[in-house]
Structure formats: C-alpha cells, structure tokens
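Protein chains: 2
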Amino acid sequence: MNLTPLVQSFVLHFGEMGSRWGINRTVGQIYALLFVSERPLNADEIAEALAFSRSNVSMGLKELDSWRLVRLQHLPGDRREYFSAPEDVWAIFRTLADERRKREIDPTLSMLRDAILVSPENPEDRFAQERMRAMHELIETVTDWFTDVQKLDEQTLRKLMKLGAAAQKVLEFTGKLGLGGSHERSS
Amino acid sequence: MNLTPLVQSFVLHFGEMGSRWGINRTVGQIYALLFVSERPLNADEIAEALAFSRSNVSMGLKELDSWRLVRLQHLPGDRREYFSAPEDVWAIFRTLADERRKREIDPTLSMLRDAILVSPENPEDRFAQERMRAMHELIETVTDWFTDVQKLDEQTLRKLMKLGAAAQKVLEFTGKLGLGGSHERSS
DNA sequence: CTATAATTTCAGTAATTACTGAAATATCAA
DNA sequence: TTGATATTTCAGTAATTACTGAAATTATAG
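Here the protein sequences come in this chain order: A and B.
Okay, so the first sequence: first residue is 28 according to the working numbering, each after it adds one.
Okay, so the second sequence: first residue is 28 according to the working numbering, each after it adds one.
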C-alpha cells in the first residue's frame, strides 16, 4: 500500500485541517484515507500506508467509530476487520452535524438553561443572565432550525440549498403573511 | 474583581468547551468573561479575575482580536485599553461563521478544486477524484447557501428560523414548480 | 479445547501546545 | 524630549496531548 501523490496530499491536508478543530492529525488522516479508498481497509493496511503504529490506528478507528464516521465489515475468509467511510456525503454531513451538536452544543445549552433559572443575587448576575438568555435563545433557534432542515431528504435539501437567496424572498413574503411556524414563540 | 459563582461557572464552562474545537482554555475564558461583563475590562482586570499572567491575557486578546470577537476602546482619562464583546449575538454569530469559513472551509475547497483538476494517472486516482468531487460539491453547496442565508438582516433571519420545518413545506412546493434559484446548476 | 491470529489496552516517552516572567517596545502626559 | 505607564514579545518551563511497543485480551480456525 503506497499512496499516489494525489491521495497523499489529500490525506496530509486532512490531517492538518483536523487540528484546526478538535480532531487530531492521525484521526484526520485515517478518515481521509478511508474516504478516498475504493475498497475497505484493515488496520494493518492503514498503519502501513500512513506509517503509524498499529496501536495508534486502533485508537484512531475507535475515535472515528465514536463519531459514527466509519463502517466495520468482514470479508469472506478473512478474520481481520475492514473499515470504510460511508459513500453518501450528505449522510456523512448529517452524522457529523448530529455528533457535533451532541458534543458541542447540547452541554452548553444545558448549562445556560440552568444558569438562567437561578434568581440573581446582585446586579452583575442580573446582567450576566440577560446575556446568557440572549445566547441561549440564539443557539436554540439556530440549532432547532438546522435540525428541521436536516430532516429533509437529500433531494429536497439539495434543491432548497440550490435555490439559495431566492428561497429567502419566498420566505420573507410568507413571514409577512404572519404564517406561524412550528417554533413560533408566544413572546 | 472577583467573580460571582454564576459568572465563574459560565467562564469555566466556556474554557472547557473551547478546547472541544480548536480554541484554548484561556481564550475561551477571556471571551466568556467579556461576554457577560457589563462594562469593558482592561487586561489587568482580566488577568486578575481569571488568575492568568498578564502576558497570557495579552496573547488571548490578540487571538480574540484576530477572530474579530472583541472591541477595543479607550475610556476618557485612562491610558489603558479596554475590551468588550459586541452585544448583538446575531452579529457575533455571523462573525464566527465568517471567520470559521475562511479558516476551516476555504482552504479545503481550494485544495479539492486543485486535486480534481489534474488528470488521473491510474484507477485509484480516478476513484479518489470522484470522491473529492462529491465532497467539494457538498461543501460548496452548503456554504454558498449558508452565506446567502447569513446575508439576511436579523429580523428576517429570526423569522425564517422560527418558521422552522413549516418553511420547508413552502420551499418543497416552490421547488416542484421548477422555480430556479440563483445557484441552480445547468447539470 | 488449544494454538494462532487479531485487536485493544496501557504505561512510558515523545511531541506539541500553553503559560509565565523578564526584557523590550510602544504610548502618552508633562 | 523625558519619565512613567501600558503593552507585546519571547525564551524557558510546565502541562497536555499524541504516539509507541509490549503485554493482555479477544476471537476463531483446526
């Protein structure tokens, strides 16, 4: 298993990029390799291709698995485990969004909700709570909306997005009509 | 400057959360403190409140500045620099989205564009390019769409999002009518 | 079962990133 | 200007995170 220059550079880019958000280089590279690989790979193949230790690959795959970004399968007559990245990029996008929401948004929303509930002891807290309330409302609105959008099937989603700004004109109009949506608040 | 328990816990949460994506604890805490502070703070006040060294605060503020997340101002009769977080949470959201796109998406799109252009030397590359093409198309569609949505003013955006799933029904219908949007591809 | 192959765990170490204090630089009032 | 105050830089160190190799565990073919 040695990589073509094209795949090499894709893998390296993903490794670097990974570290810009929370994911480590190794994990990024493993995912990139699986993503562009036509057939599933076993851990030894990955370790050899990327020059990582076998144990490092094992940990990386475990991490990718916890993000639900890899699929595990067995090949007939072979005891080893083979890994692949799901092909449907829209499905991958959904998975990633779900997982990030769960890990990065939900805990914050929960903390904010609690913080807003306690009655303020002093002016600082009163002000801080007002800020937290605004942040909570924004995050909740955006994520709820995004969750709704995400529920659409690929075709509709694609169509919606390709409509782009034009779609907003329609909606602006709808809004003016006072058509209430599922998340309309009574405030 | 000592923090109330409420502010304390908000600040700590933000510090921990920060490290889930690429931002370090210190930077997260500084931002959180500024966010809930009623008046602008100078670097010494921040250092004292969070028990960081003065130089660490300086670096943190520089980082936040590069993300355009803090505003620098001067108070009359005081030479020191005072920092605050903009109040408008929707504006903050926009800034964050813009900055992350610039740092995390654009370089990847650019790499993918280049990778797709070279003519494949072998079957591996042919397959890899097809995968990259799919990834490129997805990212471009989503970010272009998101950019359009972001251009809307706060009121419209809020209205659009609160409409939630209901909005999609309208759009689905519009789509069926074959109404082409600004991003409709000819393919 | 037993032997062998595959995978995971984990303690130790390497590499990276975060943080500090001191020194250098910049800013401004007098 | 000059002196005092504010801010940044940066080399050294601390803390954290990543990675490895060896040992332990798990799985399966015979």
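Backbone N, C-alpha and C fix where the C-beta goes; we use that ideal spot for every residue, glycine too.
All values derive from a computational prediction rather than experimental measurement.
Within chain A, L30, T31, L33, V34, V63, S64, E65 have C-beta atoms less than 9 Å from the C-beta of E151 (chain B), given in sequence order.
Within the region 115-131 of chain B, the residues whose Cβ lies closer than 7 Å to some Cβ of chain A are V116, W117, F120, R130, E131, listed in chain order. Here DSSP, grouped into helix, strand and coil, assigns F110 (chain B) to strand. Fully contained in the region 125-159 of chain A are the following alpha helix (DSSP H) runs of length 4 or more, in chain order: 133-144. Straight across, the Cα-Cα distance linking W94 (chain B) with L179 (chain A) is about 33 Å.
Here the alpha carbons of F173 (chain A) and T174 (chain B) stand approximately 14 Å from one another. In this structure, B:T168 is the residue among B:K186, B:T168, B:R106, B:E43 with its C-alpha nearest to the C-alpha of M188 (chain A). Taking C-beta separations shorter than 7 Å and ignoring five residues to either side along the sequence, M86 (chain A) has no partners in its chain. With respect to A76 (chain B), M28 (chain B) sits close: the two C-beta atoms are nearer than 8 Å. In the DSSP assignment, R66 (chain B) falls outside any alpha helix (DSSP H) and carries neither an H nor an E. Taking CB atoms only, T53 (chain B) has no neighbour in chain A less than 8 Å away.
The Cβ atoms of D152 (chain B) and L60 (chain A) do not sit closer than 8 Å to each other. Counting along the chain, L99 (chain B) sits inside the beta strand (DSSP E) bounded by residues 98-101. With a 10 Å radius around the Cβ and a threshold of 16 neighbouring Cβ atoms, S64 (chain B) comes out buried. Across the set A:R121, A:R127, A:P113, the C-alpha of A:P113 shows the shortest separation from the C-alpha of R66 (chain A). For F79 (chain B), the nearest beta carbon of chain A is not closer than 8 Å to its own beta carbon.
The Cβ atoms of T170 (chain A) and N149 (chain B) lie no closer than 8 Å to each other.
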